[in-house]
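**Student:** Per full-length UniProt numbering, the very first residue in the sequence shown carries number 1; after that it's consecutive.
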Amino acid sequence: MKRGYLGEFEEIVLLTVAVMEGGAYGVAITHEICEQTGRAVRLNQVHAALERLEDKGMLKSEMGEPTAERGGRRKRLFTTTAYGRRTLQEIQEVRESFWAKLLNPFRPATSL
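1) Inspect the CB distances between the stretch 2-20 and the stretch 30-47 and report whether three or more fall short of 8 Å.
2) Give me the Cα-Cα distance between Arg107 and Lys101, rounded to the nearest whole angstrom.
3) So, with DSSP's three-state summary, where would you put Arg85?
4) So, Tyr25 versus Arg76, is the Cβ gap smaller than 8 Å?
5) Quick one: using the 10 Å Cβ neighbour count with 16 as the cut-off for buried, is Phe78 buried or exposed?
6) Just to confirm, is the Cβ distance from Met58 to Thr81 under 8 Å?
7) Looking only at C-alpha atoms, which of Arg74, Ala68, Glu69 sits nearest to Arg61?
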């Protein structure tokens, strides 16, 4: 299967799900993305990306157990599929290849 191409936000969502290893659900993913990127992200944006990634076969989901803190409601938990992990690996390889070819790597600015 050829690698599907992802937009930046889908890539971040997929990577976040992979990092969370089975504990990934909408609200937790949203908080993690906000914390790691400093971006303002809305839950509906995350849900839309999760749905697209699941449709592409990069994620799968299942309903977790009901919890008291959610009033007995269940969370939809997301995990990466082999295809999703392979896609992330290929993206990483492409990026590393480009960074390795950069003749003058960026250096932190010492003064503005």
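Every residue, glycine too, gets a C-beta built ideally from N, C-alpha and C.
Just so you know, these numbers come straight off a predicted model, no measurement behind them.
**Tutor:** According to the structure data:
1) yes
2) Taking the first residue of the sequence shown as 1, we reach residue 107 at position 107. Taking the first residue of the sequence shown as 1, we reach residue 101 at position 101. If I take the Cα positions, the gap works out to 15 Å.
3) By 1-based counting over the sequence shown, the position of residue 85 is 85. Note: Arg85 maps to helix in three-state DSSP.
4) As a position in the sequence shown, residue 25 is number 25, starting the count at 1. As a position in the sequence shown, residue 76 is number 76, starting the count at 1. For Tyr25 and Arg76, yes; Cβs fall inside 8 Å.
5) Position 78 of the sequence shown, counted from the start, is the residue given in the question as residue 78. Phe78 is buried by the Cβ-count criterion.
6) By one-based count along the sequence shown, residue 58 stands at place 58. By one-based count along the sequence shown, residue 81 stands at place 81. Contact flag set, yes.
7) The residue labelled residue 61 in the question sits at position 61 within the sequence shown. A small fix is needed here, since residue 61 is Ser in this sequence, not Arg. Of Arg74, Ala68, Glu69, the residue nearest in Cα terms is Arg74.
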